[in-house]
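Residue numbers (this note's numbering): 966 to 1354. For each residue, glycine too, the CB sits at the ideal point set by N, CA and C.
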């Protein structure tokens, strides 16, 4: 594709410190680099908190919907990001490219106003991944949104199945060698277990490890499979401690990487090395990564938080079922349930059931061979195709 299509020559990836967000934007950026040779630069955005965060993200950001370089520059000033603007401007000047050949890329609501403001203040283009909570997708040149958000069709929007990621973006072989060196295994069968963590909807307490994970590890042991486990930054410390206690002295558990303590992301290597992948339902990003890696992901259910939030989610779902509200109104657990049902209906995922384990084809015989299911690549190709329009 490189040399025959236009596209950005410089890509700035805005990092907000959330691994899942950074993984999405980095995946798209790496494919832009591979397809059109774009230079990719990571830039850290300021970490706002407290009243300043609320005012800038929830109130002042609404002004950015109006296409105005002056408003964008003013917002950057209030966000204490003028030095960031200056650094970006100098990098563009030194690169020798025109301002309109530059793309700013962000994922999540925190990075979105910085992405939009920097693009407008410099004359570049901007792309958001996911749906920014206040800005929406309309102000952006490119919006890459998961289909379970039920986005309205628009020329500037691409709906994706799950979340884009870095799987297949040129990292797996190196990562696999690193995994094999650090955690060698001679077993023919290798299983990956990807564990997310607590958020507004889900909870993975220590009891979950005792009730669910322990049984899965026993099944692996009986099957003769070596197990590779990783948690996330959202996993409760108490849950991580419980898991570490459970696997201690278990030779078939070859690896335990705790997300709270180890900055290394082992997921790409795990997906390339293992034949079966199990993932907790709360982590859309890890489920998407596993599907991109060609696996039929086995979904591990976790606890669901109770209270008013859950009641309101259920009420909304009932109103959607009765056609009193549009599907776009679904939120929280009902929306994620619908997403997982979609994955399962397409043969990309299934509910974990020990009795049906032998019915799941291992990844080596996968139907997603190659990169036919790489949403990051598809997003990059779409940006390139639409760049001059």
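Run through the stretch 1120-1198 for me and flag every whole beta strand (DSSP E) of 3 or more residues, listed as ranges in chain order.
-> Entirely contained in the stretch 1120-1198, the beta strand (DSSP E) runs reaching 3 residues are, in chain order, 1122-1125, 1154-1159, 1190-1195.
With 16 other CB atoms within 10 Å as the buried threshold, where does residue 1339 fall?
-> buried
Quickly, what does DSSP pair residue 1315 with across the bridge? List them, please.
-> 1263
Residue 962 by DSSP, collapsed to three states: which one?
-> No answer is possible for residue 962: the residues shown for the chain start at 966 and end at 1354.
With distances taken Cα to Cα, identify the nearest neighbour of residue 1066 among 1091, 1072, 1112.
-> 1091
The alpha helix (DSSP H) enclosing residue 1079, as first and last residue numbers | 1077-1087
Could you pull the start and end residues of the beta strand (DSSP E) that residue 1222 belongs to?
-> 1218-1222
Assign residue 1080 to buried or exposed, taking buried as 16 or more other Cβ atoms, counted over all protein chains shown, within 10 Å of its Cβ.
-> buried
With a 10 Å radius around its C-beta and 16 neighbouring C-beta atoms as the bar for buried, classify residue 1034 as buried or exposed.
-> exposed
So, is residue 1144 buried or exposed, given that buried needs 16 or more other C-beta atoms within 10 angstroms?
-> With 16 or more Cβ atoms within 10 Å of its Cβ, residue 1144 is classed as buried.
Among residues of its own chain, excluding the 5 on either side of residue 1021, which ones have a beta-carbon nearer than 8 angstroms to its beta-carbon?
-> 1013, 1040, 1043, 1044, 1078
Using the DSSP secondary-structure output, state which residues sit across from residue 1007 in a beta bridge.
-> 978
Under three-state DSSP, which class holds residue 1204?
-> Assignment of residue 1204 by DSSP, reduced to helix, strand and coil, places it in the helix class.
Please confirm if the stretch 983-996 is in contact with the stretch 1341-1352, defined as three or more CB-CB distances below 8 angstroms between the two stretches.
-> Yes: at least three Cβ pairs fall under 8 angstroms.
Does the stretch 1285-1303 come within contact of the stretch 1228-1245, defined as at least 3 CB pairs closer than 8 angstroms?
-> no
Starting from the N-terminal side, write out each stretch of the alpha helix (DSSP H) that is 4 residues or longer and does not extend beyond the stretch 1034-1079.
-> 1034-1043, 1047-1060
Can you have a look at residue 1153 and say buried or exposed, based on whether 16 or more other CB atoms are within 10 angstroms of its CB?
-> exposed
Specify the secondary structure class of residue 998 as computed by DSSP and reduced to three states.
-> Helix, per DSSP.
Beta-bridge pairing of residue 1019 - partner residues as DSSP gives them | Paired residue(s): none; residue 1019 is not in a bridge.
For residue 1180, is the classification buried or exposed, using 16 other Cβ atoms within 10 angstroms of its Cβ as the cut-off for buried?
-> Classification of residue 1180: exposed, given that the 10 Å Cβ count is below 16.
From the DSSP output, which residues share a beta bridge with residue 1268?
-> 1168
In whole angstroms, what is the alpha-carbon distance linking residue 1094 and residue 989?
-> 8 angstroms
Buried or exposed for residue 1276, please, with buried defined as at least 16 other CB atoms from any protein chain shown within 10 angstroms of its CB.
-> exposed
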